[in-house]
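> Numbering (the working numbering), first residue to last: 47 to 654.
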Amino acid sequence: MMRLPTEMLQQMGDYLDLTSVLNLSSTNWQHRVALRPLLFRDMRIKFSSPASLDFEARRSSELLTTSESFRHVQSLRVTSALPCPPPSPTLEDCGDHPLETWKYCSIDDRTTQLVTRDDEWQNLLSLIKSLPALRKLTWGRAETIPPCILRYIENTLHQCQIYLTNLVFHSLVQSSNALIRIDPQELELATSPCIYGVVMHCDHMDSPGWVNYSKQAVIDMVAGAAPNIQHVSLHFAVGCGGPSLDTPVLNVSAKAEKGALHSLELVERDLGQSLRLWSTKTDFKVLRSFKVHSYLRASDFRWLAENCQFLSLQTLVIRLAADDDGEEAVVEMEDAVVDFLSSLPPLRSVKLTGQYTQRVVDTVLDRCGRTLRQLLLGSPYDLTLGVFASVSVSHAIRDKCPLIEELALPMMRSQGSADEVAIYRSLGEITSVHKLRLCIYCSQPFLWVEDQSMSLDYRLENGEEDLADQVCHAAMDLAIDDTLAASILQAIVTGRGSTPSSLESLDLRVDALKDLGSFWSASDIIQMLQYIGRSWTCTRKFGGSSTHQYHIAEHDPKDKFRRRAMDIFDEELESLIKEPMFRVWPEGRSGGWEKVWHSFPLETLVAT
Numbered sequence: 047m048m049r050l051p052t053e054m055l056q057q058m059g060d061y062l063d064l065t066s067v068l069n070l071s072s073t074n075w076q077h078r079v080a081l082r083p084l085l086f087r088d089m090r091i092k093f094s095s096p097a098s099l100d101f102e103a104r105r106s107s108e109l110l111t112t113s114e115s116f117r118h119v120q121s122l123r124v125t126s127a128l129p130c131p132p133p134s135p136t137l138e139d140c141g142d143h144p145l146e147t148w149k150y151c152s153i154d155d156r157t158t159q160l161v162t163r164d165d166e167w168q169n170l171l172s173l174i175k176s177l178p179a180l181r182k183l184t185w186g187r188a189e190t191i192p193p194c195i196l197r198y199i200e201n202t203l204h205q206c207q208i209y210l211t212n213l214v215f216h217s218l219v220q221s222s223n224a225l226i227r228i229d230p231q232e233l234e235l236a237t238s239p240c241i242y243g244v245v246m247h248c249d250h251m252d253s254p255g256w257v258n259y260s261k262q263a264v265i266d267m268v269a270g271a272a273p274n275i276q277h278v279s280l281h282f283a284v285g286c287g288g289p290s291l292d293t294p295v296l297n298v299s300a301k302a303e304k305g306a307l308h309s310l311e312l313v314e315r316d317l318g319q320s321l322r323l324w325s326t327k328t329d330f331k332v333l334r335s336f337k338v339h340s341y342l343r344a345s346d347f348r349w350l351a352e353n354c355q356f357l358s359l360q361t362l363v364i365r366l367a368a369d370d371d372g373e374e375a376v377v378e379m380e381d382a383v384v385d386f387l388s389s390l391p392p393l394r395s396v397k398l399t400g401q402y403t404q405r406v407v408d409t410v411l412d413r414c415g416r417t418l419r420q421l422l423l424g425s426p427y428d429l430t431l432g433v434f435a436s437v438s439v440s441h442a443i444r445d446k447c448p449l450i451e452e453l454a455l456p457m458m459r460s461q462g463s464a465d466e467v468a469i470y471r472s473l474g475e476i477t478s479v480h481k482l483r484l485c486i487y488c489s490q491p492f493l494w495v496e497d498q499s500m501s502l503d504y505r506l507e508n509g510e511e512d513l514a515d516q517v518c519h520a521a522m523d524l525a526i527d528d529t530l531a532a533s534i535l536q537a538i539v540t541g542r543g544s545t546p547s548s549l550e551s552l553d554l555r556v557d558a559l560k561d562l563g564s565f566w567s568a569s570d571i572i573q574m575l576q577y578i579g580r581s582w583t584c585t586r587k588f589g590g591s592s593t594h595q596y597h598i599a600e601h602d603p604k605d606k607f608r609r610r611a612m613d614i615f616d617e618e619l620e621s622l623i624k625e626p627m628f629r630v631w632p633e634g635r636s637g638g639w640e641k642v643w644h645s646f647p648l649e650t651l652v653a654t
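What follows is the structure in structure tokens.
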């Protein structure tokens, strides 16, 4: 590689992931020296016991000493070695991985030993003291950040911001009859001027006579107790979080003015009522990110439109719910959401889930199209109101959203509609998109009726011919192997014509079965469809001989193990259950349908 100026190398490195920076730095000595600030800019200490903490802190210090890079470290993450996802209702994942926010809010007691003595933190404290440029400390541990570290940052590293990604107030789970008191160490943390962000997850229900006041404590932090807090993410299960109180939990004098959060993310019951409280505690005018993953109804959107101003908002996540399934209720909900969206400034990122409709999507495109970089549309609520990928939707996004980079859409495969290839090609015409995610659905009616998976097998065993036909069509639509994934990818890339491809990744997710149990369904029919309904990720190979070369792999490697654990291959399984599979793949009668199944090329599915 030609000799490049240090400044240019560092600018290049800003656009690369850590692995790519490592590869580039290994090419020669000049690159290694130039890229050293990027290699050591972000560090992580992860441990599962006091002994591993001591080892990791010493190892990091030795590495920084050898490379003379103490001054380069700007961000330090202190986390559990093996975080496990918090037990939680699944949040709608449109490729944005919403539960990642709370990934450090759960600890595996079988593999983790807590640090309990103050002296066991000394090596970590020594490491932090040797980082003069540290600007951000992310604390993702079950232990409260030790006072020695908190006080050092407060007194010496004035530029350092602390983000608590597993905030727990142990002392605020109290008897409902007792005078509310908070542990002095937890109070010191909650009122620190160094706290800039908190993440809290609570799934332990309040028991009779006991209340968890943690939610009110966070509200007090925002209202002035933590003067510099800017980011809050709260996830409260039903029955958690305690009541909202008229008097503060934190015994400090609050500021006269409201808080100034930049981002607010909430998962909780009665979210509309909660937002009315939050609007009195923080100034919504300065919010840049507003993510509310629980349902909001027409009255909530109407209240937000009439009483709140979001002058700085850039990112919006909302979950829509009509008061009932009647047409009037849906129209009322649409009107309220349209009024709310019309009150917002042009946004950069929008995610819609729940009962959103085409009218709501059109409003987003009309209001935000020129600035929109990310548009994520969640699972369709039903066949009637659902918004699916289409040529008209693609063209609207192409024409109104010139900067769009990330797009997630539901995609209906219905008996090989002749429009399917046209839809893929129209998606290719949105040439600015880097990441495309298509969530695959099927129009067969039995897939759109909730709470009926246990009756499907019984109905098929009793010779319900219409259901057998539906299962056959669903099998043809949902059978997606790597060959079909490649064909869909090719159709999209071809749609770009002579325009150089900017598509970095294509995700094909079979979501048609997730509300019916997926791998864990009580129905053998659903499990059989899940066996062939595979999800794929197509990732562009940079540096290959062709710009259209992509690596195709299963989206979740764990699916292979889930398939092996299925019990749908039992020879005693009722033959009528397997009959639809034999009709689609006749050779399966002798060789086993699970061994001979395959997808159908796009052109063979076109209805004649």
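Yeah, the Cβ is synthetic: ideal placement off N, Cα and C, and Gly gets one too.
Do Gln401 and Ala367 come within 8 Å of each other at the CB atom, strictly closer than that value?
yes
> Thinking C-alpha only, which one of Lys182, Leu183, Leu307 is nearest Thr326?
Leu307
> Would you give the residue range spanned by the beta strand (DSSP E) that His277 belongs to?
277-282
> From this set, Leu502, Ser436, Arg181, which residue's C-alpha is nearest Glu475's C-alpha?
Ser436
> Tell me where the alpha helix (DSSP H) around Trp631 begins and ends.
For Trp631, there is no enclosing alpha helix (DSSP H), as DSSP gives it neither H nor E.
> Classify His204 as helix, strand or coil using the three-state DSSP reduction.
Residue state, collapsed to three classes: coil.
> Spell out a yes or no on whether the region 509-527 and the region 575-586 are touching, meaning 3 or more CB-CB pairs, one atom from each, closer than 8 Å.
yes
> With respect to the beta strand (DSSP E) encompassing Thr326, which residues constitute its N-terminal and C-terminal limits?
Looking at the DSSP string, Thr326 is not in any beta strand (DSSP E); the run it does join, the alpha helix (DSSP H), is 317-327.
> Would you say Val406 and Leu398 are within 8 Å of each other, going by their C-beta atoms?
yes
> Mind checking which residues open and close the alpha helix (DSSP H) that includes Val479?
Counting along the chain, Val479 falls outside any alpha helix (DSSP H), and DSSP gives it neither H nor E.
> Would the beta-carbon of Gly186 fall within 8 Å of that of Val124?
yes
> In angstroms, rounded to a whole number, what distance separates the CA positions of Gly638 and Thr409?
Those two C-alpha atoms are separated by around 50 Å.
> Could you tell me which residues DSSP puts in a beta bridge with Tyr487?
Met458
> For Leu502, which residues from the same chain have a beta carbon less than 8 Å from its beta carbon, with the 5 sequence-adjacent residues on both sides left out?
Hits under 8 Å: Phe492, Leu513, Ser569, Ile571, Ile572.
> Helix, strand or coil for Asn508? Go by DSSP, reduced to three states.
Three-state DSSP puts Asn508 in coil, outside helix and strand.
> Look at the alpha carbon of Leu362 and the alpha carbon of His281, and state the distance between them as a whole number of angstroms.
17 Å
> Determine the burial state of Gly590: buried for a count of at least 16 other Cβ atoms within 10 Å of its Cβ, exposed for fewer.
With a pLDDT of 45 at Gly590, under the threshold of 50, the modelled position of this residue cannot be trusted; read the value that follows with caution. Under a 10 Å Cβ-count criterion, Gly590 is classified as exposed, with fewer than 16 other Cβ atoms of the shown protein chains found around its own Cβ.
> If you compare alpha carbons, which of Ser438, Ala442, Ile450, Arg483 is closest to Pro456?
Measuring from the Cα of Pro456, the nearest candidate turns out to be Arg483.
> Assign Trp643 to one of three DSSP states: helix, strand, or coil.
Trp643: coil per DSSP, three-state reduction.
> For Thr593, which residues of its own chain have a beta-carbon under 6 Å away from its beta-carbon, when the five flanking residues on both sides are left out?
Residue placement at Thr593 cannot be trusted, given a pLDDT of 43 that sits under 50; the coordinates are not used to answer.
> From Ala532, Leu310, Val383, Asp249, pick the residue whose C-alpha is nearest to that of Lys331; which is it?
Leu310
> Where does Ala435 fall in DSSP's three states?
In the displayed model, Ala435 falls within coil according to three-state DSSP, outside both helix and strand.
> With 16 as the cutoff for other CB atoms within 10 Å, does Lys587 come out buried or exposed?
exposed
> I need the straight-line Cα distance from Trp631 to Arg609, nearest angstrom please.
19 Å
> State the Cα-Cα distance for the pair Ser438 and Ala468, rounded to the nearest angstrom.
Distance between Ser438 and Ala468, taken at the CA atoms: about 11 Å.
> What's the gap between the Cα of Glu352 and the Cα of Glu378?
15 Å
> With distances taken Cα to Cα, identify the nearest neighbour of Ile275 among Ser221, Ser636, Thr328, Glu314.
Thr328
> Residues in its own chain within less than 7 Å of Asp428 by CB, not counting five upstream and five downstream?
Trp494
> Please classify Ser592: does DSSP put it in a helix, a strand, or coil?
Residue placement at Ser592 is poorly supported in this model, since its pLDDT is 48, which falls under 50; the coordinates still yield a value, given next. Three-state result, Ser592: coil.
> Rounded to the nearest angstrom, what separates Leu128 and Phe101 at their Cα positions?
If you take the alpha carbons of Leu128 and Phe101, they lie about 16 Å apart.
> Confirm, please, whether the CB-CB distance from Gln159 to Arg181 is below 8 Å.
no
> How is the alpha helix (DSSP H) around Met574 delimited, first residue to last?
570-578
> Kindly indicate which residue of Arg163, Gly543, Gly424 has the alpha-carbon position closest to the one of Pro144.
Gly424
> Using only the alpha-carbon positions, how far apart do Arg82 and Ser115 sit?
7 Å
> Along the chain, where does the alpha helix (DSSP H) that runs through Phe336 open and close?
Run containing Phe336: none in the alpha helix (DSSP H); it sits in the beta strand (DSSP E), 335-342.
> Rounded to whole angstroms, what is the Cα-Cα separation between Thr430 and Asp602?
Computed Cα separation, rounded: 31 Å.
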